[in-house]
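Participant:
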Amino acid sequence: MSPADGAVRAAWRAVRRAKRLVWLVALTDALVFLPAALYVGVTVHRAAGHRVDATSLARVLDPDLLADMDSGSGDFRIHQTVLAAACLVLFFALRPLVMGGYVAIAARGDRIRFDEFVRVGGAVYWKFLRIALVGVVTCYLLSLAAKPLLAYIDEQASSYVTEGPAITYRRATEVFVFTAYWVLGTILDYTRVGVRMYRRPGVFVELGRSALFVLQHPVETLGFSAFAFAIELAAIWGFSELLQRADGAYVLTSLSVLLLAQVLVALREATRLFHHAGAWRIRRRAEGGAHDDPARRRPSGDDLLENLPWNQ
Amino acid sequence: MRPARPRAYNRAVPLKSLRPSAHRAAAVLLAGLLAAGLATPRSGAEEGWRAAPEQVPVRYSIEARLVEGRGGEDDLRIAGNQRIEWRNTSTEDVGVVYLHLYANAFRDSHTTLLREARDAGWKLPEDARFGGIDVRGLSLVTGEPLELTFVTPDDDEPPPGTTLVGVAPAPSTDRTVARVVLPRRVAPGETLGLRLKFTTTLPSVMRRMGCHRGFVMAAQWYPKLGRYLGTAAPGTHEGWYCPQYHWTTEFCADYADYDVELRLRSALVSGATGERVEESVDEPRGERTERWRARGVVDFAWTAHERFESYEREIEPLAVPEGRDPAADRVLRERARFAEVLGVAPEELQLPKVKVRVLLQREHARQAERYFEAARVALATYGMWLGPYPYPTLTIVDPAFGAKRAGGMEYPQLVTAATEIANPPESLDPERVILHEIGHQWFMNVLASNEAAEAWLDEGLNTYFTARSAEVGYGPAIGVTRVLSVPLLVTPFFDFPGLAAEWPRWVGLPDWAVPPRMELFEGWRDLPPLSGLPTPSYATDPLLPQRRRYLNRAGWDDMVRPSWRYADAPSYWVNAYSRPALFVNSLRRTLQAERGDAAGERAFALGMLEYARSQRFRHPTTGDFLTAFGRGSGSDATRLFDALAASAGVLDYAIEGIDVLREPPFAGIREDEGGEDVVAVPDAVPAEGEAARIRTAVLVRRRGDAVVPVRIEVTRDSGDPERATWESTWQTWDGRERWHRFVFDGRIQAARLYPRAEFLQDADRRNDSLTKRQNPRPGAKWATRFLMWIENAALSYGRFL
Chain A
1233 MSPADGAVRA AWRAVRRAKR LVWLVALTDA LVFLPAALYV GVTVHRAAGH
1283 RVDATSLARV LDPDLLADMD SGSGDFRIHQ TVLAAACLVL FFALRPLVMG
1333 GYVAIAARGD RIRFDEFVRV GGAVYWKFLR IALVGVVTCY LLSLAAKPLL
1383 AYIDEQASSY VTEGPAITYR RATEVFVFTA YWVLGTILDY TRVGVRMYRR
1433 PGVFVELGRS ALFVLQHPVE TLGFSAFAFA IELAAIWGFS ELLQRADGAY
1483 VLTSLSVLLL AQVLVALREA TRLFHHAGAW RIRRRAEGGA HDDPARRRPS
1533 GDDLLENLPW NQ
Chain B
172 MRPARPRAYN RAVPLKSLRP SAHRAAAVLL AGLLAAGLAT PRSGAEEGWR
222 AAPEQVPVRY SIEARLVEGR GGEDDLRIAG NQRIEWRNTS TEDVGVVYLH
272 LYANAFRDSH TTLLREARDA GWKLPEDARF GGIDVRGLSL VTGEPLELTF
322 VTPDDDEPPP GTTLVGVAPA PSTDRTVARV VLPRRVAPGE TLGLRLKFTT
372 TLPSVMRRMG CHRGFVMAAQ WYPKLGRYLG TAAPGTHEGW YCPQYHWTTE
422 FCADYADYDV ELRLRSALVS GATGERVEES VDEPRGERTE RWRARGVVDF
472 AWTAHERFES YEREIEPLAV PEGRDPAADR VLRERARFAE VLGVAPEELQ
522 LPKVKVRVLL QREHARQAER YFEAARVALA TYGMWLGPYP YPTLTIVDPA
572 FGAKRAGGME YPQLVTAATE IANPPESLDP ERVILHEIGH QWFMNVLASN
622 EAAEAWLDEG LNTYFTARSA EVGYGPAIGV TRVLSVPLLV TPFFDFPGLA
672 AEWPRWVGLP DWAVPPRMEL FEGWRDLPPL SGLPTPSYAT DPLLPQRRRY
722 LNRAGWDDMV RPSWRYADAP SYWVNAYSRP ALFVNSLRRT LQAERGDAAG
772 ERAFALGMLE YARSQRFRHP TTGDFLTAFG RGSGSDATRL FDALAASAGV
822 LDYAIEGIDV LREPPFAGIR EDEGGEDVVA VPDAVPAEGE AARIRTAVLV
872 RRRGDAVVPV RIEVTRDSGD PERATWESTW QTWDGRERWH RFVFDGRIQA
922 ARLYPRAEFL QDADRRNDSL TKRQNPRPGA KWATRFLMWI ENAALSYGRF
972 L
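Taken in sequence, the protein lines are chains A and B. To convert a position in the first sequence, counted from 1, into the numbering used here, add 1232. To convert a position in the second sequence, counted from 1, into the numbering used here, add 171.
1) Given a cut-off of 8 angstroms on the beta-carbon distance, is the pair T761/B and E929/B in contact?
2) Which same chain residues end up closer than 7 angstroms to A1478/A when comparing Cβ atoms and leaving out the 5 residues on each side of it in sequence?
3) Using only the alpha-carbon positions, how far apart do M959/B and W695/B sit?
4) Does the CB of A288/B have a neighbour CB from chain A at under 8 angstroms?
5) Which runs of the beta strand (DSSP E) spanning at least 3 residues fall entirely within the segment 410-444 of chain B, listed in chain order?
6) Near L1376/A, what residues of its chain come up, given a Cβ to Cβ distance below 6 angstroms and the 5 sequence neighbours on each side ignored?
7) Quick one, which residues of the segment 1448-1469 of chain A are near chain B if we go by CB-CB under 9 angstroms, in chain order?
8) So with Cβ pairs under 8 angstroms, would you call N946/B a contact of chain A?
9) Go through its chain and collect everything with a Cβ distance to F754/B's Cβ below 6 angstroms, but skip five positions before and after it.
10) For P1295/A, would you say it is in contact with chain D, using Cβ-to-Cβ distances shorter than 8 angstroms as the test?
11) Using a cut-off of 9 angstroms between C-beta atoms, extract the partners of M730/B located in chain A.
12) Using a Cβ distance threshold of 8 angstroms, determine whether the segment 346-365 of chain B contacts the segment 541-548 of chain B, with at least three qualifying pairs required.
13) Using a Cβ cut-off of 8 angstroms, pull out every chain A residue sitting near T706/B, in sequence order please.
14) Using a cut-off of 9 angstroms between C-beta atoms, extract the partners of G385/B located in chain A.
15) So, is the C-beta of F1506/A closer than 8 angstroms to a C-beta in chain B?
16) Would you list, in sequence order, the uninterrupted beta strand (DSSP E) runs of no fewer than 3 residues that lie entirely inside the segment 648-714 of chain B?
17) Leaving out the 5 sequence neighbours to the left and right, which residues in its chain are closer than 7 angstroms to K575/B when beta-carbon positions are compared?
18) With a cut-off of 8 angstroms, do at least 3 Cβ pairs link the segment 448-460 of chain B to the segment 407-415 of chain B?
19) What does DSSP give as the partner residues of L762/B in its beta bridges?
20) Quick one, which residues of the segment 1270-1287 of chain A are near chain B if we go by CB-CB under 9 angstroms, in chain order?
21) Taking Cβ positions, are L237/B and A475/B nearer each other than 8 angstroms?
22) Give the residues of chain A in contact with D795/B, contact being defined as C-beta atoms less than 9 angstroms apart.
23) Roughly how far, in whole angstroms, is the beta-carbon of G1354/A from the beta-carbon of A1242/A, given that I think they are within contact range, below 8 angstroms?
24) Span of the alpha helix (DSSP H) holding N963/B?
25) Sorted by chain position, which residues of the same chain lie with C-beta nearer than 6 angstroms to R459/B's C-beta, five sequence neighbours on each side aside?
26) Starting from the beta carbon of L1289/A, find every residue of chain B whose beta carbon is closer than 7 angstroms, and list them in chain order.
27) Tell me, please, which residues DSSP counts as bridged to Q532/B.
28) Identify, in the order they occur along the chain, each residue of the same chain with its Cβ nearer than 7 angstroms to the Cβ of A1364/A, setting aside the five sequence neighbours on each side.
29) Quick check on DSSP: helix, strand or coil for L335/B?
30) What is the C-beta distance between G828/B and G875/B, in whole angstroms, given that I count them as a contact (C-beta under 8 angstroms)?
31) Name the chain B residues whose beta carbon is nearer than 9 angstroms to that of I1399/A?
32) Using Cβ-Cβ distances below 8 angstroms, what residues of the segment 551-584 of chain B are close to chain A?
33) Which two residues bound the contiguous beta strand (DSSP E) that contains G1581/A?
34) What is the rounded straight-line gap between the Cα of L1298/A and the Cα of A465/B?
35) Just verifying my parser: in three-state terms, what is the DSSP assignment at R1477/A?
36) Can E534/B and T1370/A be called in contact, C-beta distance under 8 angstroms?
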């Protein structure tokens, strides 16, 4: 029997049982980026809200408005970039907690409460943060490693006398590099699963084991990862058309875009959970099913998280 | 003041030298305008639309052979024998001759061109092949040998505006200008004959010329005379204007006749300036000999490539292409509009047919129709606005892949564009380049201004007319994002630096540590179909893209100066291209604001026609432009030129506030009917009409240095905002004071400056209008879009972590 058997069903079940948590995570994502979005909104309002052509400025992205906001001492772009970077740092600082929660959901195979989501996420936070940092450094090093390859291909492509082969080679190189990142991301997901499954103290050991596991079971692991990725792409594709149609130059249409965008974010979060749950199942089956998560510890009655209203 | 009637269309037009079809079409065009009373013949001696230059002081005869060296198709040389005849049209005896040897700009990495390029941030490709031109056997036609020495007339040390502190002057190895001392002086009216041999080793295509895998772009490939302007002319050396080849400079030459014999491999498909008058094939040697003749042009360029697909079509610019609905044809609509502006019937505007040849790379063959249509739009619009294209042929070249630096350049009767397989029609790429380069047939060749000293007269005017031509033919271009070379007609909301984009300099990473840029990663991060936005190049005015470029260097330099004397390369691009285009736009819009739409448009059209006519096949200067435009339009263009171009001053007027001024009921002492003083109490019932005394003050302040007449338009709010009747009131102010307060009777809802977009060069358009009520829509829209973009970008990044 293949380790991948039942992975989709298990992953789907995990997502279904954690709907409310996924919505909550999506809402948290929005809150994390709200300061940067508010800055954009306020700055644009100051620059355009009083203008006679304000409605048309809301209709299309006006490069002239952006040029004005950037010229002189405006520095809109720099402020926006710094704020966006700060929000991204906060997002990735919270991410290990969320990932820990996802792995907890995957491990439980049952409905999980918010308090446990946070508690398990908190328990593995530092390990998962280390995994994320290893991921960041590896991604960066991978990009530097890809640089001479890309430069070489670019140089070779430029020496062609026709455009067609040059485009093909560039495409193939970019797809190759992107695939490397995707495989890395898959390995990191299996590392998180492995850390929780085996309770190992060392991140690097588990990283190596997970890489080995992915390479030993490429069809199951990468195949399932590709399936989850395809679902994510399908969600993005489906919402693209919807969002572009919903968009307009009115406050109401902006609100509808906001709502639809949050639905999409929730769907994308769900695909991450989906992949983690499937990865847990695949790894557990490959190991003979010996690593089910231990029974849930019931918290004491005066636990703050336990007593949150949506847990009642 | 009554506008001067154009002298453009009079009976003294020397049409004899035009081809029969051109003759007929030009005659129809002119006769139509004459009939409409637009042209007032003055005297028989007065000129009309010249078909050729009055003076052609130079004649080149060149026999050239393309030779392939041992290095194969990347080792190409042009071996030539050349004869130059120069007639001294000045009033001075001339004892020296200056020659351009432009190809030597690619001789080594320390030439003026490549050094300036490096300073501008351009990187010499690692696989660059150097080239150059060797001149041998220089003599008079009588056989008397002559010696050639290299000079660097523009190399001031230190360069203007620069102080060298403990730094030795940079070594220059420039050999792009040669000086030849003549054994005897050439008297006025006398003709000098020179004979020489040259070998041009074609470099890799770094800028405009060179060869790449068998593709040849032979531009600036032969020894070329400088222009003799006289010893008193500014910028000359011993009377010759012959600048070095600079990074930011194009060319300047006398009109010349060319007779060029080219020997090429038979398999090569070629194109050149002028007309091919003879062709013979030497089959045993596999060679073809072509003879090209060009009359009254300022340069001669040619191209050859085995992979060219050649398409040829005779284009009648103002006729509807077969199978197209005349009512939907944008060019015909413009003809109708322009005819109305001039007050003639549309049918009376006719332009000569032109044989257009398109040399396309095979993989771009599908775009042939787009090339022809762009050529038609350019020939029609420029032809209507500036007089007919004077030559029977025009060649458009698509350089080989890997030689794109040869693209986007103009030569007489031959232009180069550049395209890619996946260029969607909406991107207007290559259409805009084709329009621009064909436009240079006027602003470079027909109006042969000095491109090195007064670049605005060709690049700037042409940029303006390119924008209008593209507007007529196509409308705004749509921004394109490419993912794996697949074009998507959207652009991302925000270009965040990161893994998928180049880091900005302020992050301070060394080059080796900067992550590479990859389309696929950018696509995955930005998700263009989701977060991207359709972004037209402009919303309201086709000149707005030029404004955005101008803002990058607003206030840095005067607009008119030698091209290599600007603060940096971007300042040159701004002052040669964008700023003059905005200035010409201001000329047109100001005339419309002063005289009304129709009369202003007519005045502008006549001003430009007068410039194009009076300077046709001449070498106009800035003064000539201002004089001719003023004569044609009946308005003084100098005033605006002084305000907007003569200095580096920035234009910025701002509406600082709208204040409602309430006139309270009268209180105090006033005279009664009997002349007695009485005290009016504050809460007394006001006299009739007093309660309605509300006025609104709009305070406008000049924040910049440039002074222009400022128009303000206010919108009244007459009653219920939902059913408001909008009416506008115009006020003007000469703008000389630092501030001005306009007081209007009653309430107003909004005010805006330059209601006809007269001054797009205003440095900050955010303060050009003000409404009393704030509109939350833009803020809400862009905050939402940003939130959507960044959340999804974070999740995309997070996929790998």
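Yeah, the Cβ is synthetic: ideal placement off N, Cα and C, and Gly gets one too.
Facilitator: According to the structure shown:
1) Closer than 8 angstroms, so yes.
2) Excluding residues within five positions, the ones whose Cβ falls inside 7 angstroms are T1485, S1488, V1489 and L1492.
3) Roughly 14 angstroms between the two C-alpha positions.
4) Not one chain A Cβ lies under 8 angstroms of A288/B.
5) Counting whole runs of 3 or more residues, the segment 410-444 of chain B contains the beta strand (DSSP E) stretches 427-436 and 440-443.
6) Excluding positions up to five away in sequence, the list is empty.
7) Of all residues in the segment 1448-1469 of chain A, only F1461, E1464, I1468 and W1469 come within less than 9 angstroms of chain B when Cβ atoms are compared, listed by chain position.
8) Yes, N946/B lies at the interface with chain A (some Cβ there is under 8 angstroms from its Cβ).
9) Only L815 and A816 meet the Cβ criterion.
10) Of the protein chains in the structure, A and B, none is chain D.
11) The premise fails here: M730/B is roughly 19 angstroms from chain A at the closest Cβ pair, so nothing lies under 9 angstroms.
12) Touching, no, given that fewer than three Cβ pairs across the two stretches are closer than 8 angstroms.
13) By Cβ distance, chain A contributes V1292, L1293 and P1295.
14) Within chain A, the residues near G385/B are V1393.
15) For F1506/A, the answer is no, since every Cβ of chain B falls outside 8 angstroms of its Cβ.
16) Look at the segment 648-714 of chain B and you find these whole runs of beta strand (DSSP E), each 3 residues long or longer: 652-654 and 657-659.
17) The answer, listed in chain order, is A589.
18) Touching, no.
19) Partner(s): none; L762/B has no beta bridge.
20) Answer set for the segment 1270-1287 of chain A: L1270, Y1271, V1272, G1273, V1274, T1275, V1276, H1277, R1278, A1279, A1280, G1281, H1282, R1283, V1284, D1285, A1286 and T1287.
21) A distance below 8 angstroms separates the beta carbons of L237/B and A475/B.
22) At a beta-carbon threshold of 9 angstroms, none of the residues of chain A lie near D795/B; the nearest stands roughly 33 angstroms away.
23) G1354/A to A1242/A, Cβ: 25 angstroms. No contact.
24) Residues R948 to G969.
25) If the five residues before and after R459/B are omitted, its C-beta is found closer than 6 angstroms to the C-beta atoms of L435, S437 and V452, all from its own chain and listed in chain order.
26) L1289/A reaches chain B at P949, counting residues in chain order whose Cβ is nearer than 7 angstroms.
27) Bridge partners of Q532/B: F479/B.
28) F1324, R1327 and P1328, listed in sequence order.
29) Coil at L335/B, not helix or strand.
30) Not a contact, Cβ separation roughly 18 angstroms.
31) Taking a Cβ-Cβ cut-off of 9 angstroms, the neighbours of I1399/A in chain B comprise E591, I592, A593, L655 and S656, given in sequence order.
32) The segment 551-584 of chain B vs chain A, Cβ under 8 angstroms: A571, F572 and G573.
33) Chain A is shown only over 1233 to 1544; residue 1581/A falls outside these bounds and no answer can be derived.
34) One alpha carbon belongs to L1298/A, the other to A465/B, and they sit about 48 angstroms apart.
35) Three-state result, R1477/A: helix.
36) Going by C-beta atoms, E534/B is not nearer than 8 angstroms to T1370/A.
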